[in-house]
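Numbering (mature numbering (1 follows the signal peptide of the UniProt record, and there is no 0)), first residue to last: -24 to -1, 1 to 464.
This is the structure we're talking about:
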């Protein structure tokens, strides 16, 4: 079995990270989630408003997941460029990979932070919407009337039952075709930064006393005078009884809104401790997190275009990635602090930052790389962020695996094993492939050829494209950079 070198392990780790990140993306101004052009005038229209808010929250979450997924396709394209190339193309793609990963991670974290809260709010909105529709059903129910008759006949031997005129119908009380008619064409206005929510509650129906058929109530009158209408109160010798029909409840509009800039939780503008349905405390609890979620949704604005090369070039994320590239070239990265000029030089070299077409040349080079499908089937298919995540991951895995095999073969060569073995030898045993460098007391055993030999091995059969300029780099550490940059 070939010796598993550090570079070999790093490439396997890179493939694992890319796969895990891709799979996790598959699974994960003011916020305009309210209908603000009009105000509901019935419980049914109020329920429709609540459902609208719930749908808009869902759409915003869905949109963010879609944007993150699209950005992941671009990130994996950079990963292919970093794994399949050497020299500046690999370095430039590695930096873009890290910068894109930074932005995607932030977007995923922001989405994850509100995901549970959003689903809790959606459940609350759906619950209150269901209550509003139930109110409409209850409020449409009436007590049945009973025409007037002589007391003995009307009461019967066992009494006259009080019954409902009806209990529900074959259709819902909320007719979708009439919901637009149940609205007042007045635009909603912000209250302490949030849009009020108009709902309805049921209260006891008003007591009726008129000389008519309003009710429900039981009336008495003289013989034959109380067939369907209650008589005047001045009647005497009341021998007949009558029961008029009617509703036991009435709807009452109630607005839930922030009470002040410091108390933005949705609460009723007019508090009622009792004699209303549903209890106001139930609605307050269901809407308790809507105000905080609204604020968080307004900040959920990640777009897939943010990780395109032309947009990343001016980002802080790319600056940080390039800074780490420079630090990793030094023997003691922790104590290295590149200045702005070094970062600018490297950015111009790798990405053409000062060009009118910044990043385009690098992107063109990356998207000329054959995909794994092309290699397997002999087609002209090249890598592109239009490919799906599975295809891009497969292509990245192919090039990482290919580089790993090369590293494994190099690990079997005696020259590759010589240096770590030489470093452990004493002066007397420092022979053959090793040589003693320095004084007898302070010297050390090293592989013959030292650093130059190592560089030669790494670049054997390849052209070193980074040999000029003060900001040139040796590419031997590129696999390590890929893994480190992915964790930024």
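Every residue gets a Cβ at the ideal spot worked out from N, C-alpha and C, and that includes glycine.
DSSP, read as helix, strand or coil, puts residue 407 in coil. For residue 230, the three-state secondary structure derived from DSSP is strand. Here residue 173 carries a strand assignment [DSSP, helix/strand/coil]. In the three-state reduction of the DSSP assignment, residue 372 falls in the helix class, which pools H, G and I.
Nearest C-alpha to residue 168 among 54, 190 and 240: 240. According to DSSP, residue pairing for residue 16 in a beta bridge involves 159. In the DSSP annotation of this structure, the continuous segment of the alpha helix (DSSP H) that includes residue 286 starts and ends at 285 to 288. Taking a 10 Å sphere around the C-beta of residue 143, we find fewer than 16 other C-beta atoms and assign the residue as exposed. DSSP lists 216 as the bridge partner or partners of residue 126. At the C-beta level, residue 75 and residue 340 stay beyond 7 Å of one another. Taking the CA atoms as reference points, residue 186 sits about 38 Å from residue 233. Between residue 369 and residue 358, the CB-CB gap reaches or exceeds 7 Å. With a cutoff of 7 Å on beta-carbon distance, residue 401 and residue 64 are scored as not near each other. Counting other Cβ atoms within 10 Å of its Cβ, residue 109 reaches 16 or more and is therefore classed as buried. Measuring C-alpha to C-alpha distances from residue 347 to each of 101, 53 and 213 identifies 53 as the nearest.
Residue 106: member of the alpha helix (DSSP H) spanning 63 to 115, first to last residue. Under DSSP, residue 301 shares a beta bridge with no residue.
The residue among 364, 145 and 409 with its C-alpha nearest the C-alpha of residue 47 is 364.
Using a 10 angstroms sphere on the CB of residue 282, the tally of other CB atoms reaches 16 or more, which defines it as buried. A Cβ-Cβ distance of about 6 Å is found for the pair residue 136 and residue 130, placing them in contact under the 8 Å criterion. For residue 325, the enclosing alpha helix (DSSP H) stretches over residues 316 to 327. Measuring C-alpha to C-alpha distances from residue 92 to each of 273, 121 and 10 identifies 273 as the nearest. In this structure, DSSP gives residue 141 a state outside helix and strand, which the three-state scheme calls coil.
Just so you know, the alpha carbons of residue 328 and residue 66 end up roughly 15 Å apart. DSSP, reduced to helix, strand and coil, places residue 9 outside both helices and strands of the structure shown, so it counts as coil. Cβ atoms of residue 204 and residue 123 come within 8 Å of each other, at about 6 Å. Bridge partners of residue 421 according to DSSP: 412. Non-local beta-carbon contacts of residue 298 in its own chain, meaning distances under 7 Å to residues more than five positions away in sequence, involve 71, 319, 322 and 323 in chain order. Assignment of residue 345 by DSSP, reduced to helix, strand and coil, places it in the coil class. Shown here for residue 78: same chain residues with a beta carbon closer than 8 Å to its own, the five before and five after excluded, namely 293, 296, 297 and 464 in chain order. DSSP places residue 262 inside the alpha helix (DSSP H), whose first and last residues are 256 to 262.
Taking every protein chain shown into account, the CB of residue 160 has fewer than 16 other CB atoms within 10 angstroms, so this residue is exposed.
In the structure shown, the three-state DSSP call for residue 398 is helix.
For residue 337 and residue 289, the gap between their C-alpha atoms comes out near 13 Å. The closest CA to that of residue 416, considering only 261, 404, 423 and 410, is found on 404.
By the Cβ neighbour-count rule, residue 95 is exposed, with fewer than 16 other Cβ atoms within 10 Å of its own.
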